[in-house]
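See below for the structure under consideration.
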Amino acid sequence: MHELSIATAIVEQAGEIARADGSDRVSSVTVRVGELAGVVPDALHFAFEVAREGTPLAGARLVVEPVTARAWCGGCAEEFTLGMPPFFWCPHCDRPSQELRSGRELEITGVEAVL
Ligand SMILES: [Zn+2]
Numbered sequence: 003m004h005e006l007s008i009a010t011a012i013v014e015q016a017g018e019i020a021r022a023d024g025s026d027r028v029s030s031v032t033v034r035v036g037e038l039a040g041v042v043p044d045a046l047h048f049a050f051e052v053a054r055e056g057t058p059l060a061g062a063r064l065v066v067e068p069v070t071a072r073a074w075c076g077g078c079a080e081e082f083t084l085g086m087p088p089f090f091w092c093p094h095c096d097r098p099s100q101e102l103r104s105g106r107e108l109e110i111t112g113v114e115a116v117l
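Heads up, the sequence shown is in the working numbering, so the first residue is 3 and it goes up one at a time.
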């Protein structure tokens with residue numbers, strides 16, 4: 003399962019961030035996940051519960067912040083939402099756009115360490 007390797011990476015990175023703060027326990031970790039990141043939030047939550055076992059994140063909560071996929075239309079100088087499944091077509095001027103502005107995020111944005 004691909005989410006398990008992602009969850010393992012999140013657990014390792016969050017543990018390192020907490021250690022840098024002088025803590026060996028994490029109470030919660032927040033990640034931003036874009037619609038196009040290829041991650042299923044439910045699967046990520048499940049994988050996180052497995053990956054956190056026996057780590058400083060054993061009691062930690064995983065908070066997933068979904069990020070809407072948006073593209074840029076040069077013609078309208080505006081962003082538009084791609085929707086699901088993603089449709090790279092500006093709804094305002096009816097033209098295609100491949101300029102993705104958001105939606106591929108997969109990053110830790112917050113780690114709460116227990117001091
Ligand atoms: Zn447009």
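For glycine and all other residues, C-beta sits at the position ideal for the given N, C-alpha and C.
Within 10 angstroms of its Cβ, does residue i collect 16 or more other Cβ (buried), or is it exposed?
i	result
Ala22	exposed
Leu64	buried
Leu2	Because the chain spans 3 through 117 in this model, residue 2 falls outside it and cannot be assessed.
Ala115	buried
Ala60	exposed
Ala79	exposed
Name the one or two DSSP bridge partners that residue i has.
i	result
Gly112	Thr32
Ser1	Because the chain in this structure spans residues 3 to 117, residue 1 falls outside the shown range and cannot be described.
Leu102	Ala73
Leu63	Contrary to the premise, residue 63 reads as Arg rather than Leu in this sequence. The partner list for Arg63 (beta bridge, DSSP) reads Ser30.
Glu80	Cys75
Leu68	In the sequence under discussion, the amino acid at residue 68 is Pro, which differs from the Leu named in the question. According to DSSP, Pro68 bridges with Val35.
Check the C-beta distance from residue i over to residue j and give it rounded, since I have them as a contact under 8 Å.
i	j	result
Val31	Ala16	4 Å
Ile110	Phe50	At roughly 12 Å, the Cβ-Cβ gap does not stay under 8 Å, so Ile110 and Phe50 are not in contact.
Phe89	Ser99	Going by Cβ atoms, the distance from Phe89 to Ser99 rounds to 10 Å, so no, they are not a contact pair.
Leu131	Ser25	The chain is shown from 3 up to 117; residue 131 falls before or after that span and cannot be answered.
Thr70	Glu37	6 Å
Quick one, are the C-beta atoms of residue i and residue j less than 8 Å apart?
i	j	result
His94	Cys75	yes
Arg72	Gly40	no
Ala53	Val113	no
Pro68	Pro43	yes
Glu5	Ala62	no
Arg97	Pro58	no
Q: Could you please go through the chain and list the residues whose beta-carbon is closer than 6 Å to any non-hydrogen atom of ligand 1?
A: Cys75, Gly77, Cys78, Cys92, His94, Cys95 and Arg97
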